[in-house]
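Data block below; observations after.
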Amino acid sequence: MTTGPKYRARIATADAEVDGCLLLRGRVFRAGDAESDRDGFDALFRHMLVERAGDGRVVACFRFLVVDSPSAIERSYSAQFYGLSPLQTYGAPMVEMGRFCIDPEVRDSDVLRVAWGAMARVVEERGAGLLFGCSSFQGTDAVRYNDAFAMLRDRHIAPKRWLPRIKAPKVFEFARRPSRKADPKAAIRAMPPLLKTYLAMGGWVSDHAVVDGDLDTLHVFTGVEIGTIPAARRRSILTAA
């Protein structure tokens, strides 16, 4: 269990606790329809919840999958959208994190800190070398995020040896777009919080975004190699764990 002054994080162990995560996911991703967010991957993943210490209200959650063999990456959620064969040669266990969300009514940085502390503990316990997932921009109009995608193209594309291949039927190939100088402030403002956290740890992204009509998002494959996280940043994350 990971704790904070006001919040604690733990793995859901009962169906009712998983349902609490789905309820929050429904509010965040499905405009209140919790049941429609349940998918076939929920049975494969474990679910981490962050609850308020006083009343047990779920204020954040995510699900995670430990990928402990090269072929197992094809069972990941991300593999339905991206060609991940390059990562089959990765020489260490990996962890996929997905459906990361925070209650929109709770605006407290401690929630994010405790959630990342919990994820850090999972990564440490499993000896994972790579944490990966999908980072989503709300809506499917890429023009809204021109500065963000320009910054990703110029600074944060994955190393060629790990670069995911195009697999989804509809994608936005931002790395192939005509060169334009990104406005750094506008780019950061437009990036989702999860993606900003990955990048602050030295993370990288795919060279294209998937147009996901189901969730009404544009998402990029995002990875961070644990061994390359700056030492000070890694210590600060683990402090919450």
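Oh and the sequence shown: position 4 is 5 in my numbering, straight run, nothing missing. Positions of the beta carbon are idealized from the N, C-alpha and C atoms, including for glycine. Bear in mind that the values here come from a model prediction, so they are computed numbers and not experimental data.
As summarised for the stretch 46 to 100, the continuous beta strand (DSSP E) elements at least 3 residues long and confined to that stretch are 47 to 53 and 59 to 68, given in chain order. Relative to the Cα of D40, the nearest Cα in the group Y78, G92, D208 and V172 belongs to Y78. Out of G228, E174 and R190, the CA that lies nearest to the CA of A210 is found in E174. Taken through DSSP and simplified to helix, strand or coil, D155 comes out as helix.
Under the three-state reduction of DSSP, I167 is assigned to strand. With a cut-off of 8 Å on Cβ pairs, the stretch 214 to 228 is in contact with the stretch 136 to 143, counting three or more such pairs. In the three-state reduction of the DSSP assignment, E106 falls in the coil class, being assigned neither a helical nor a strand state. Annotated three-state conformation of G134 is strand, per DSSP. Excluding the 5 residues flanking it on each side, G99 has same chain C-beta neighbours closer than 6 Å at R64, Y78 and G134, in chain order. Residue pairing of W205 in beta bridges, as defined by DSSP: G224.
Here L219 is bridged, per DSSP, to F138 and V212. Its Cα nearest to that of L45, the residue E75 stands out among F82, E75, G92 and D215. When the beta-carbon positions are compared, A54 and K7 come within less than 9 Å of each other.
The alpha-carbon separation between V107 and L132 amounts to approximately 26 Å. A direct Cα-Cα distance of roughly 13 Å separates R122 from G130. For F82, the CB contacts under 8 Å within the same chain, skipping 5 residues up- and downstream, are C135, K168, A169, V211, D213, H220 and F222 in chain order. With respect to the 9 Å criterion, I103 and M49 are not classified as neighbours on the basis of their beta carbons. With distances taken between CA atoms, M202 lies nearest to G224 out of M192, G224, K186 and D208.
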